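Notes follow the structure.
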Amino acid sequence: MPQGAVGFGLWERSGRVPKCHPAPGDIACFTIYNCTCRFELVENVPYDLPFEVNTTAAKPLYQAWISLLDIAQENIHVASYYWSLTGKDINVNDSSSEQGEDILKRFERLLAENVSMYIATSMPTLSTNSTDLELLENKGAHVKKINFEHLTGGVLHSKFWIVDMKHVYIGSANMDWRSLSQVKEFGAVIYNCSCLAKDLWKTFSTYWDLGHANATIPSPWPRNYSTHINHSHPLEVEFNGTLTKAYFSASPPAFCPEGRTHDLFAIISVISAAHKFVYISVMEYFPTSRFVHPERYWPTIDNALRRVAFNYRVQIRLLVSCWTHSDPAMLHYLRSLSALNNPHTHISVNVKLFIVPVFNHTNIPYARVNHNKYMVTDKSAYIGTSNWSEDYFTNTAGVGLIIKQNSTNLRRRPIQEQLKTLFERDWNSKYSVNLEDVQGQKDCNWRDSL
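Everything in the sequence shown is counted per the numbering used here, starting at 701 for the first residue and increasing by one.
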């Protein structure tokens, strides 16, 4: 059994999931920080994916990344599964790579202006050509490739930036030109929020400090990696003038130093606290392991959704990607979950599949997919970096941002209401297909039907 998996069965049957490495004395140590921050939801909508006129949209991801690079003055820390910001990295000549190439040039420019850059990525990298990292390293960037396969049996799947220790990007997008043009991505940017940025930097440090040969995971981690900001004691800050509670979670448990909430616990907590609805948008949803053979049944999240739907009549909507690389087995699990739906007893569990049309982009591999990894309820918002299957929470590195706002300001909608509107845009769009209309993986390849 992978490190961190022990004991989940007992907790799951009791309806609870443990916080990893809970910090003794959390309450006594915890400090309320005086932070006023600016928060933006960001997304990339792929080319040839038009929505209805006047529908809500978040800030374009490309613009958000440019904004962060424009204000960078001292240092940038980036954690990303891999780097592929130029079309030539995958031997593709397509104009849609221009934005990624522009981002790479802006990183080069900042290095020339003596802005320090620290890059943590996975080893071995997914990209077959690491020219981006070689280029940046030759220009002065500090790069470490962390061997998570050796450390935990997983990969570094986190995707976040920390700029000048006060601005943060977190979301589904890798450092890939397709994330700015061909893949549907979602995330958030937080400006002028040193309290949260420095806390996320502690997670970055857990990667960075193990980026050397023969590294081993400390047990326990030294105190300087610990945090007082977590599920039990979220940070109280102002986002856009509205009082907000927020914290970062992390996976796997072995990379949760004292006080850090495990990402899985954060997800289960958000689901369990919902009173009215739970809306989820993820690329992949499996109540099993995915990369361990033989596969194991792992119903932790699945049972949490069933529990709130059945016991408390919370409305569940699950929007899962359907694309060229979808595993047909996923449809069976989704049908099993949706079978709980029963309008006569007011149990509402609905599943749809989101298909990004391919159209004229057949020459671009691993594109044209809804790569989102977020959840919104009537109480909270969760924005993460992991797909929803066991491996991502037991042995793969990921992070999540959990936000709760109770706005009394009539001019500002709570973040969870903004996210709900974006989810409903996707759910009600022509790209969202009823589960019963898809019989197999071949239906995920529709090109002319949308």
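Glycine is no exception: its CB is placed at the ideal position from the N, C-alpha and C atoms.
Since the model is a prediction, treat every value here as computed from it, not as a measurement.
Does the distance from the CB of residue i to the CB of residue j come in under 8 Å?
{"i": "Ile1001", "j": "Ser1048", "result": "no"}
{"i": "Tyr1131", "j": "Val1056", "result": "yes"}
{"i": "Val1014", "j": "Phe965", "result": "no"}
{"i": "Ala772", "j": "Val863", "result": "yes"}
{"i": "Pro918", "j": "Asn1095", "result": "no"}
{"i": "Val792", "j": "Asn1060", "result": "no"}
{"i": "Tyr907", "j": "Pro957", "result": "no"}
{"i": "Leu1019", "j": "Lys1052", "result": "yes"}
{"i": "Met983", "j": "Asn1087", "result": "yes"}
{"i": "Met875", "j": "Val937", "result": "no"}
{"i": "Cys1022", "j": "Cys895", "result": "no"}
{"i": "Trp861", "j": "Gly787", "result": "no"}
{"i": "Arg960", "j": "Asn930", "result": "yes"}
{"i": "Asp1078", "j": "Ala974", "result": "yes"}
{"i": "Leu768", "j": "Tyr869", "result": "yes"}
{"i": "Ile1103", "j": "Ala946", "result": "yes"}
Just the Cα atoms here: how many angstroms apart are residue i and residue j?
{"i": "Ser822", "j": "Arg1111", "result": "43 Å"}
{"i": "Phe739", "j": "Ile890", "result": "5 Å"}
{"i": "Val1138", "j": "Met1030", "result": "12 Å"}
{"i": "Thr927", "j": "Arg1125", "result": "37 Å"}
{"i": "Thr755", "j": "His933", "result": "36 Å"}
{"i": "Lys884", "j": "Asp963", "result": "23 Å"}
{"i": "Leu1101", "j": "Gly1084", "result": "6 Å"}
{"i": "Ala1189", "j": "Ala915", "result": "Lying outside 701 to 1150, the shown extent of the chain, residue 1189 is not represented and no answer is given."}
{"i": "Asn940", "j": "Tyr1082", "result": "18 Å"}
{"i": "Val992", "j": "Phe948", "result": "27 Å"}
{"i": "Ser641", "j": "Asn838", "result": "In the structure as shown, the chain starts at 701 and stops at 1150, and residue 641 therefore has no counterpart that could be examined."}
{"i": "Pro724", "j": "His1025", "result": "With a pLDDT of 35 at Pro724, under the threshold of 50, the modelled position of this residue cannot be trusted; read the value that follows with caution. Looking at the two C-alpha atoms, the distance is approximately 44 Å."}
{"i": "Leu761", "j": "Asn1050", "result": "29 Å"}
{"i": "Val1133", "j": "Phe1054", "result": "6 Å"}
{"i": "Tyr781", "j": "Glu808", "result": "20 Å"}
{"i": "His867", "j": "Ala1067", "result": "28 Å"}
{"i": "Asp1027", "j": "Glu1090", "result": "15 Å"}
{"i": "Ser1129", "j": "Leu749", "result": "10 Å"}
{"i": "Leu856", "j": "Phe886", "result": "19 Å"}
{"i": "Asn1011", "j": "Arg990", "result": "29 Å"}
{"i": "Glu752", "j": "Thr736", "result": "35 Å"}
{"i": "Met865", "j": "His850", "result": "30 Å"}
{"i": "Val742", "j": "Ala764", "result": "7 Å"}
{"i": "Ala812", "j": "Ser784", "result": "21 Å"}
{"i": "Thr942", "j": "Thr831", "result": "43 Å"}
{"i": "Gly871", "j": "Pro994", "result": "31 Å"}
{"i": "Thr1045", "j": "Gln1118", "result": "30 Å"}
{"i": "Ser905", "j": "Leu835", "result": "23 Å"}
{"i": "Ile980", "j": "Pro1043", "result": "20 Å"}
{"i": "Leu900", "j": "Thr852", "result": "21 Å"}
Who pairs with residue i in a beta bridge, going by DSSP?
{"i": "Ala779", "result": "Ala820 and Phe860"}
{"i": "Asp909", "result": "Asp909 is not bridged to any residue."}
{"i": "Tyr979", "result": "Arg1017 and Val1076"}
{"i": "Lys884", "result": "Asn1070"}
{"i": "Pro746", "result": "None; Pro746 has no bridge partner."}
{"i": "Thr961", "result": "Ser949"}
{"i": "Lys844", "result": "Ala820"}
{"i": "Pro760", "result": "Glu743"}
{"i": "Ile1083", "result": "Tyr1074 and Leu1101"}
{"i": "Ile890", "result": "Phe739 and Val868"}
{"i": "Thr1024", "result": "DSSP output for Thr1024 lists no bridge partner at all."}
{"i": "Tyr985", "result": "Trp1088"}
Three-state secondary structure (DSSP) at residue i?
{"i": "Lys839", "result": "coil"}
{"i": "Met701", "result": "In this prediction, Met701 scores a pLDDT of 27, lower than 50, which makes its location untrustworthy; the coordinate-derived value is nonetheless stated afterwards. DSSP places Met701 in coil when its eight states are reduced to three."}
{"i": "Val970", "result": "helix"}
{"i": "Ser1089", "result": "coil"}
{"i": "Phe751", "result": "coil"}
{"i": "Tyr1131", "result": "coil"}
{"i": "Arg738", "result": "strand"}
{"i": "Leu785", "result": "coil"}
{"i": "Met875", "result": "strand"}
{"i": "Thr852", "result": "coil"}
{"i": "Gln1105", "result": "strand"}
{"i": "Ala1009", "result": "helix"}
{"i": "Pro724", "result": "Confidence in Pro724 is poor, its pLDDT being 35 and thus under 50, which makes the residue's placement too unreliable to answer from."}
{"i": "Thr1121", "result": "helix"}
{"i": "Lys805", "result": "helix"}
{"i": "Thr1000", "result": "helix"}
{"i": "Thr1096", "result": "coil"}
{"i": "Thr688", "result": "Residue 688 cannot be examined here, being either before or after the span of the chain that is shown, 701 to 1150."}
{"i": "Cys1144", "result": "helix"}
{"i": "Phe955", "result": "helix"}
What I want to know is whether the C-beta of residue i ends up closer than 7 Å to one or more non-hydrogen atoms of the ligand ZN.
{"i": "Tyr1092", "result": "What this structure holds is no ligand at all, so the ligand ZN is not there to describe."}
Establish whether the CB of residue i and some CB of chain D are separated by less than 8 Å.
{"i": "Asn914", "result": "Reference to chain D is not applicable here, since this structure consists of a single protein chain."}
Quick check for students: name the residue ranges of the beta strand (DSSP E) that lie wholly in the region 1041-1081, counting only runs of 3 or more. Those beta strand (DSSP E) runs which fall completely within the region 1041-1081 and span 3+ residues are 1049-1054 and 1073-1077.
Ordered list of beta strand (DSSP E) runs contained in the region 892-953, each at least 3 residues: With a minimum length of 3 residues, the continuous beta strand (DSSP E) runs that stay inside the region 892-953 are 935-939 and 942-951.
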